[in-house]
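Peer 1: Per the numbering used here, the sequence shown starts with residue 2, numbered consecutively.
Glycine included, every Cβ here is placed at the ideal spot set by N, Cα and C.
I'd like to ask some things about the structure below.
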Amino acid sequence: ALLTALAAPQWVGPLVLASATVMRPEIASTEMQAVWREADAAWDRGEHDRANEIEIEGWVDGMGRRSGQAAPEVRAYFTRVNRSIWDRHNAMPLPDLLAGPDIEPERIVQPVLLIDGVYDFPDVLSSNGTLLGRMPNAEYTQFAESAHFPSYEQPGEFNRIVLEFLDRTWGIPAS
2 ALLTALAAPQ WVGPLVLASA TVMRPEIAST EMQAVWREAD AAWDRGEHDR
52 ANEIEIEGWV DGMGRRSGQA APEVRAYFTR VNRSIWDRHN AMPLPDLLAG
102 PDIEPERIVQ PVLLIDGVYD FPDVLSSNGT LLGRMPNAEY TQFAESAHFP
152 SYEQPGEFNR IVLEFLDRTW GIPAS
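In structure tokens:
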């Protein structure tokens, strides 16, 4: 949707960017690199459950919370989903990531709601800070008790905020 807003803004209404890393730093944060490095090393040692847990601690529990601090049902869900990704990746390795296109946030004129969780990776928090400062019609909401998945950790509040934003900016009723 973001790329469409740049290429054909008449086709795109208000945008909600939840835990997105649009403005990517040249090098991932030391926290993100550590999670990738430690998880890959554990997987390569055959410690598949530990590799999965390292990623759950980083993405679900987040930066600055203890392991297991996210809601048990959220951790359980992402533990299953993430392990499935690991198993598929092991069977068919992913290609190296390609560099994303250059984004010119000033050109996004639609209303934009930026969302993240206070315990998310610095990369996401930094991206949202940059976008908020450069997008002319951006607003920002941070979830105090969430990491990378506020829509799972606080779904009621997440839905309320998104629906109110869409009602205000696009006339879609929040009920």
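Going by DSSP, what residues sit across from Y141 in a beta bridge?
Peer 2: L115
Peer 1: What does the alpha-carbon distance come out to for the pair H149 and D117?
Peer 2: Each residue's alpha carbon lies about 7 Å from the other.
Peer 1: Taking only the alpha-carbon atoms, compute the straight-line gap between A43 and A35 and give it to the nearest angstrom.
Peer 2: Distance between the alpha carbons of A43 and A35: 12 Å.
Peer 1: In the DSSP assignment, what residue or residues form a beta bridge with P16?
Peer 2: Reading off the sequence shown, one finds Leu at residue 16, where the question assumed Pro. The secondary-structure analysis by DSSP pairs L16 across a beta bridge with V113.
Peer 1: Note down the Cα distance separating P73 from F144, rounded to an integer number of angstroms.
Peer 2: 18 Å
Peer 1: Determine the burial state of R76: buried for a count of at least 16 other Cβ atoms within 10 Å of its Cβ, exposed for fewer.
Peer 2: buried
Peer 1: Under 6 Å from any heavy atom of the ligand MG, does the C-beta of E158 make it?
Peer 2: Only the bare structure without any ligand can be found here, which leaves the ligand MG out of the picture.
Peer 1: Considering only residues of the same chain and omitting the five flanking positions on each side of N138, which have a CB-CB separation below 7 Å?
Peer 2: V110, Q111, P112, V113
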